[in-house]
Amino acid sequence: MKFTTRIAAVALIASAAFGVATSANAQAFALKDGDHVVTYGDSITAQCLYSNFAEAFVLTRFPKLKIDWTTAGWGGDRVGGGGGGNIDLRLQRDVLAYNPTMVTVMLGMNDGGYKAFDQPTFDTYTKGYQHIIDVVKKASPATNFTIIQPSAYDDVTQVPKFPGGYNATLIKYSDAVKDLAQKNNFLVADLNSTLVDTLTKANAVEPDNAKKIVPDRVHPSAAGHLTMAQALVKAWNFPATVTAVSIDGAAGKVVKSDNTTVSKIVATPTLKWDQLDNALPLPINFNDPLTKLVVKVSDVVTAIDQEPLTVTNLTAAKYNLNIDGKLVGTFTKEDLAAGVNLATLPTPMYDQAMKVQALTNSHVGIHFNKFHNFQAPFGNDSSPGMKDAVAQLVKDFDTVDQLVVTQQRAAAQPVVHHFELVAAP
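Numbering (numbering that gives the first Met the number 0), first residue to last: 0 to 424.
Okay, structure coming up:
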């Protein structure tokens, strides 16, 4: 499997969708303040998308947590390593060097050989996977693992190349990974069945676009990675709620405020209030056809992107909702009484989340460029002056990266927003 994704494309396609999370549920969440997450894998990980989305999900849902992230994917990798070096080099240079507290591993697409299942190939995979765990746990016993069941080969929207199809092989590898996680008491994330389910449902309603979710049958588009990222963070017990607010419009009283602070509420002549949220909605590009399709057929919004605003006892037929002076939408009083999910609307909170996403893209891109173009190919080059020059370059990359991360975290911090419901003409 060749890695063809260019880092210049990462920021572009990553803007198709992204994510968030809530500090009210921080105690139940698998990650904690001070963690360093390393996502390890082959070219699907090296696309820097599901890991990129997961980072943004966590930062925007838990903006007070300081968690570092490193993506360590390499095209063509198997459990024994690949183009980036053998497995022991890869683990030392690309995982252990970062002192991770959480390592995610997704391998299998290349290990299965793109053929029907056979026992010797499978045995190599399971033994190699166990070696990865043993090496990391020996060097860093406190490191936690999230084992990822390998993403799907698309035998749904396209005809399988042989009876049963290659994803049937990957499912056996996926089952082995799940067993390995259970035996070691690791977290496990099922990206295979999640993606297959998305492909199946999308193929039933928009077959032409469904084929584009995993265009080469191996590497998912950004829309495909969105649903994969959802599966990963759900394995970490990611909360569904961004915020939840309920207001009695006639009385001007707050009935419920979850993961937010509502203040300065007045009922006349228009209903107004201030709101300081502890989280941001997922900045999903609902205008992107593939992302729109994935959102339609999956539970991304219902499972991890709920920001309901409920206003009862209103008298006018329709209302304009303005946030910070910006018209967000027009709703009937029945809509508002039932609850409107602000996460699906173009709010100022969404705009803020998009800024976090853009900075996350930059952060991921800096590391990708450093890692793939300089550190890995030239880090041990013995040419006169080369090793020292590359070391200095890596140091400079890290300095810039840390500055971007500082901006990224600052962009995710809560700000006060001004809400107003005005009777529509």
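The beta carbon of each residue, even a glycine, is placed where N, CA and C say it ideally should be. From a predicted model like this one, the values you see are computed outputs, not experimental measurements.
Whole-angstrom distance between residue j and residue i, CA atom to CA atom
i: residue 197; j: residue 386; result: 46 Å
i: residue 395; j: residue 404; result: 14 Å
i: residue 80; j: residue 336; result: 56 Å
i: residue 93; j: residue 71; result: 6 Å
i: residue 105; j: residue 320; result: 44 Å
i: residue 74; j: residue 378; result: 18 Å
i: residue 265; j: residue 362; result: 42 Å
i: residue 36; j: residue 68; result: 5 Å
i: residue 181; j: residue 422; result: 56 Å
i: residue 366; j: residue 401; result: 10 Å
i: residue 332; j: residue 340; result: 14 Å
i: residue 156; j: residue 42; result: 21 Å
i: residue 384; j: residue 237; result: 47 Å
i: residue 263; j: residue 222; result: 40 Å
i: residue 59; j: residue 382; result: 44 Å
i: residue 219; j: residue 195; result: 11 Å
i: residue 416; j: residue 32; result: 27 Å
i: residue 225; j: residue 292; result: 11 Å
i: residue 250; j: residue 349; result: 29 Å
i: residue 286; j: residue 122; result: 45 Å
i: residue 397; j: residue 66; result: 16 Å
i: residue 136; j: residue 329; result: 55 Å
i: residue 316; j: residue 167; result: 54 Å
i: residue 305; j: residue 369; result: 37 Å
i: residue 165; j: residue 116; result: 8 Å
i: residue 96; j: residue 63; result: 25 Å
i: residue 355; j: residue 281; result: 10 Å
Closest residue to residue i among the options (Cα-Cα distance)
i: residue 124; options: 108, 73, 253; result: 108
i: residue 179; options: 218, 127, 166, 220; result: 127
i: residue 412; options: 278, 211, 383; result: 278
i: residue 408; options: 376, 359, 382; result: 359
i: residue 239; options: 134, 208, 135, 302; result: 302
i: residue 120; options: 236, 78, 235; result: 78
i: residue 313; options: 248, 370, 169; result: 248
i: residue 83; options: 418, 371, 416, 419; result: 371
i: residue 114; options: 367, 149, 159, 352; result: 159
i: residue 192; options: 218, 150, 345, 64; result: 150
i: residue 169; options: 101, 186, 112; result: 112
i: residue 102; options: 207, 171, 235; result: 235
i: residue 183; options: 161, 165, 171, 146; result: 146
i: residue 27; options: 61, 208, 65, 324; result: 61
i: residue 143; options: 327, 30, 424; result: 30
i: residue 271; options: 281, 246, 280, 288; result: 246
i: residue 276; options: 269, 267, 233, 241; result: 241
i: residue 347; options: 356, 364, 327, 334; result: 327
i: residue 324; options: 419, 280, 141; result: 419
Close-in-space but distant-in-sequence residues of the same chain around residue i (CB under 8 Å, 5 per side omitted)
i: residue 244; result: 253, 255, 256, 257, 259, 261, 274, 307, 308, 309
i: residue 389; result: 373, 374, 377, 378, 380
i: residue 130; result: 78, 86
Residue i in three-state terms, based on DSSP
i: residue 313; result: coil
i: residue 77; result: strand
i: residue 83; result: coil
i: residue 307; result: strand
i: residue 153; result: coil
i: residue 188; result: strand
i: residue 346; result: coil
i: residue 56; result: helix
i: residue 245; result: strand
i: residue 132; result: helix
i: residue 210; result: coil
i: residue 145; result: strand
i: residue 430; result: Nothing can be reported for residue 430: it is not among the residues displayed for the chain, which extend from 0 to 424.
i: residue 265; result: strand
i: residue 204; result: helix
i: residue 252; result: strand
Bridge partners - residue i, DSSP secondary structure assignment
i: residue 39; result: 71, 104
i: residue 419; result: 271, 321
i: residue 326; result: 321
i: residue 98; result: None; residue 98 has no bridge partner.
i: residue 276; result: 259
i: residue 293; result: Bridge partners of residue 293: none, in fact.
i: residue 340; result: 307
beta-carbon residue i near the ligand NAD non-hydrogen atom, thresh 7 Å
i: residue 381; result: Although the ligand NAD was asked about, the structure shown includes no ligands whatsoever.
Own chain residues within Cβ distance below 6 Å of residue i, not counting five before or after
i: residue 175; result: 125
i: residue 231; result: 53, 188
i: residue 90; result: 134
i: residue 210; result: 156
Sequence-distant residues of its chain with Cβ nearer than 7 Å to residue i (five each side left out)
i: residue 44; result: 38, 50, 70, 72, 105
i: residue 296; result: 197, 200, 201, 204
i: residue 229; result: 299, 302, 303
i: residue 177; result: 148, 187
i: residue 153; result: 198, 213, 216
i: residue 206; result: 156
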